[in-house]
Amino acid sequence: MTIELALLALSTGLGLVHIVVASHSASLQRGYRWSASARDEPADPLRGVAGRLDRASKNFLETFPLFAAAILSCTALGRHNGLTEWGAQLYFWGRVAYLPLYAAGVPLVRSLVWDVAAVGILLCLAALLWP
9 MTIELALLAL STGLGLVHIV VASHSASLQR GYRWSASARD EPADPLRGVA GRLDRASKNF
69 LETFPLFAAA ILSCTALGRH NGLTEWGAQL YFWGRVAYLP LYAAGVPLVR SLVWDVAAVG
129 ILLCLAALLW P
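Numbering-wise, the sequence shown is residues 9 to 139 according to the numbering used here.
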């Protein structure tokens with residue numbers, strides 16, 4: 009298994025962490041009775057850490073398909089080089105750092121870390137265009 013595929017697998021696990029942490033945080037704020045309900049009625053917006061964890065989870069789910077597509081495309085085409093290795097590392101570790109920074113409400117650094125992960129995706133895409 010290449011480092012890129014290993015980091016894709018780890019990123020999938022990180023996505024599950026995002027979902028579970030956001031879900032439990034929302035349940036703590038709204039109550040587990042709400043979590044077990046059909047949720048047909050609109051709920052008040054999540055506040056504080058629960059809201060930030062929910063937004064971080066949604067943000068992860070926006071970027072992960074792009075990362076996965078880039079890694080799987082590189083793998084299918086046999087593109088494995090420094091760009092793909094660095095790209096996968098930057099994406100994964102950037103996303104790992106992003107979650108606690110967003111949960112803690114750290115403004116500017118969180119955005120810069122998001123940029124690091126985005127650069128990771130761009131490096132993988134560059135490997136597809138310039139073998």
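Using N, Cα and C, we set each Cβ at its ideal position, and we do this for glycine too.
- Contact between the segment 88–96 and the segment 21–33 is absent: fewer than 3 CB-CB pairs across the two stretches fall below 8 angstroms.
- Annotated three-state conformation of P50 is coil, per DSSP.
- Separation of the CB atoms of R103 and F68 is rounded to 6 angstroms, and the pair is thereby assigned contact status at 8 angstroms.
- Using a Cβ distance threshold of 7 angstroms, A105 and V121 count as a contacting pair.
- Your pair A135 and C82 checks out as a contact, with CB atoms roughly 6 angstroms apart and the cut at 8 angstroms.
- The C-beta separation of F100 from S45 comes to about 35 angstroms, leaving the pair out of contact by the 8 angstroms criterion.
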